[in-house]
Structures are given as structure tokens and as C-alpha cells.
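This report concerns only the one structure given below.
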Amino acid sequence: MAPRSRGEEKADAVQLDLNATFGEAVRVTALQHDEAVLPYVSSINIPAGLHAGTPRVILAAIRRGLTSGLRLGAAVGYRDFLGGGDRYVDVAYEDLYAELIYQIGAVDSLAFTEQTRLSYVRPGGALARMAGRRKDHAEAILRAVEAYDPELPLVVHHLSPLLEMATGAGLPVIVEYSATSVERMRTSVGRIAADGHPEQSVSLHLDAVTAPVVVRTLRELGHTFGAPLTARRGM
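In terms of this note's numbering, the sequence shown opens at residue 2 and continues consecutively.
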């Protein structure tokens, strides 16, 4: 198959939401190391305190996100501060359910004091990876979000078993694709249309280190970012 020309690529251009994690710190002064990613995203995932972040850091991240005009999401995970949420924790359903509500409420209540609210919840790290192996943990995620606010969208990776569970439960979802490298971004953009997800219910996840080159390539292909998110609902 012949390679597509630049004009052909731009014909398929889409407007996308781009997200990245912001606030994996224990001191407010450390946020300056994360700020380089802010010009390249339209949404930030703020660690909710049990795997990363502190109350003061969460509040500072919220304020910085608002100053930059970004959507705010709660990045929730296992209680694993030493491992940054990347380690599996064998926690009982009821404990995880309560801890997830606690995390969502922590970020949302601090956002409320700044006259705003959360736009979504994003499970990450080991918690997101274990959703297919620990169905009770996946259920805890769904039930916690539903109990806190059934209208609050859940950001779920397009290959995660949690996506089918969330849509099956009728919860609003934002489908996430990886864009942590140029190669992954190209693959993800190509898959979005093939998977049949409306672009307004999709978000690309960026890495702070590679965000500049990924976004530059997106723009060269004619894509734009900052799209208004409309969560997709299941039946």
C-alpha cells in the first residue's frame, strides 16, 4: 500500500482531548518539575493522596490546572505511597470501595473550594492493570464512582476489561488510548475510528517527557486538541 500524503492525513484530522498526570509530589515546590507538560494537555490527572500527592499538593495542582484552563480529574489507585501506586495491594472489596470514595472526595472537595468540580475519575497504576484479574476490585471502582456521583465519567483504557463492565453498568466513560510515544500515538489515532468511539468521548494519555514531540507530530498531521469531552454511556 502506498504511503499516505500529508494532505490525506489531514483529511482524517480529529480534535482530541489530551491528558497527563500532574501532582505526583509530596511538596508544592516539586510541581515545577511537572509544569512543562501543561501547555500540551487539555486535562490533568491529579493523584488523590493514597498513592501520590498530599492535600496541599492536590490543592496547588487544582489551582495550577485552573490557571491553565484545564479539566481536572482524580487519579485514584491502591494505598501504595512508597510504590507510587504501581504495586498490587491485596485489599478487601469493602476497604478498596471506601478508599476510592475517599480519594475521589478528597480531590473534588478541594476543587469545590476553588469554585470548580471534577470532570472525571481515572484509575491508574496497578489498580487499573488488575481490573481484569480481580473482578471484585473492578467492581469496587465502578460502585465507588457510581455511589459518589453517577454522572461523573470514568476514564478507562480501551483494552481494559473495565471498559465493558462500565458501559454494561450504564456508567459514563471516556475511552483512553496511549500516546506516550509518537509510535503509540499514531497507532492510537488510527484505532479510534476503527473502534467506533466518537472522538468527543476519547482521550489520549501523554507522558511528560515525550509530550512535546507527540503533540508536535499531532499538529503536523492536522489534529487539534482541547476538545469538549462528552462521556459515552452504555446500555
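Cβ coordinates follow ideal geometry from the N, Cα and C atoms, glycine included.
Exercise. Could you tell me the distance, in whole angstroms, from the CA atom of E184 to the CA atom of V216?
Key: C-alpha separation (whole angstroms): 12 Å.
Exercise. Take A170 as the anchor and find which of R187, T188, A141 and Y178 has the nearest alpha-carbon.
Key: A141
Exercise. Below 7 Å CB to CB, which residues in the same chain sit around A61 once its five sequence neighbours on both sides are set aside?
Key: Here the set comprises V29 and L32.
Exercise. Report, in whole angstroms, the separation of the C-beta atoms of S204 and V157, which I expect to be a contact under 8 Å.
Key: Contact between S204 and V157 is ruled out by a C-beta separation of about 10 Å, above the 8 Å threshold.
Quiz prompt | Through-space distance from R192 to A212, alpha-carbon basis | solution = 20 Å
Exercise. Assign T231 to buried or exposed, taking buried as 16 or more other Cβ atoms, counted over all protein chains shown, within 10 Å of its Cβ.
Key: exposed
Quiz prompt | Outcome for S110 when other beta-carbon atoms lying within 10 angstroms are tallied against a minimum of 16 | solution = It counts as exposed.
Quiz item: Mind pulling the alpha helix (DSSP H) runs of 4 or more residues that sit fully within the stretch 150-199?
Solution: Entirely contained in the stretch 150-199, the alpha helix (DSSP H) runs reaching 4 residues are, in chain order, 162-169 and 183-196.
Practice problem: Pick out the complete beta strand (DSSP E) segments inside the stretch 9-95, 3 residues or longer, and give them in chain order. | Solution: 16-22, 44-48 and 72-77
Quiz item: Is DSSP giving P4 helix, strand or coil here?
Solution: In this prediction, P4 scores a pLDDT of 36, lower than 50, which makes its location untrustworthy; the coordinate-derived value is nonetheless stated afterwards. The answer is coil: DSSP assigns P4 none of H, G, I, E or B.
Quiz item: In whole angstroms, what separates the C-alpha of Q16 from that of M186?
Solution: 14 Å
Exercise. Report all residues from its chain with a CB closer than 6 Å to the CB of L164; omit the five preceding and five following residues, and keep chain order.
Key: Here the set comprises V157.
Quiz prompt | Among E200, L143 and E25, the one whose alpha carbon lies nearest that of D81 | solution = Of all alpha-carbon atoms in E200, L143 and E25, the one lying nearest the alpha-carbon of D81 is that of E25.
Quiz item: What did DSSP end up calling S204 once you bin it into helix, strand or coil?
Solution: strand
Exercise. Can you say whether S116 is buried or exposed, counting buried as having 16 or more other CB atoms within 10 angstroms of its CB?
Key: Looking at the sequence itself, residue 116 is Gln, so the reference to Ser does not match. Burial call: exposed.
Quiz prompt | Beta-bridge pairing of R123 - partner residues as DSSP gives them | solution = A76
Quiz item: Roughly how many whole angstroms lie between the Cα atoms of A12 and L160?
Solution: Any reading at A12 must be qualified, since the residue scores a pLDDT of 37, below 50, and its modelled position is unreliable; no value is offered.
Quiz item: Helix, strand or coil: which one does DSSP assign to T218?
Solution: helix
Quiz item: By a C-beta neighbour count over all protein chains shown, 10 Å radius and 16 as the cutoff for buried, is E221 buried or exposed?
Solution: Label assigned to E221: exposed.
Quiz item: I think G50 touches G86, with their Cβ atoms under 8 Å apart; what is that distance to the nearest whole Å?
Solution: Their Cβ separation, rounded to whole angstroms, is 11 Å, which puts G50 and G86 out of contact at 8 Å.
Practice problem: Could you pull out every residue in the same chain whose Cβ sits closer than 7 Å to the Cβ of R214, ignoring the five residues on either side in sequence? | Solution: As written in the sequence, residue 214 is Val, which differs from the Arg given in the question. These residues qualify, in order along the chain: V183.
Quiz item: Quick one: Cα of Y98 to Cα of G78, how far?
Solution: 11 Å
Quiz prompt | Nearest-angstrom Cα separation, counted from V108 out to P56 | solution = 8 Å
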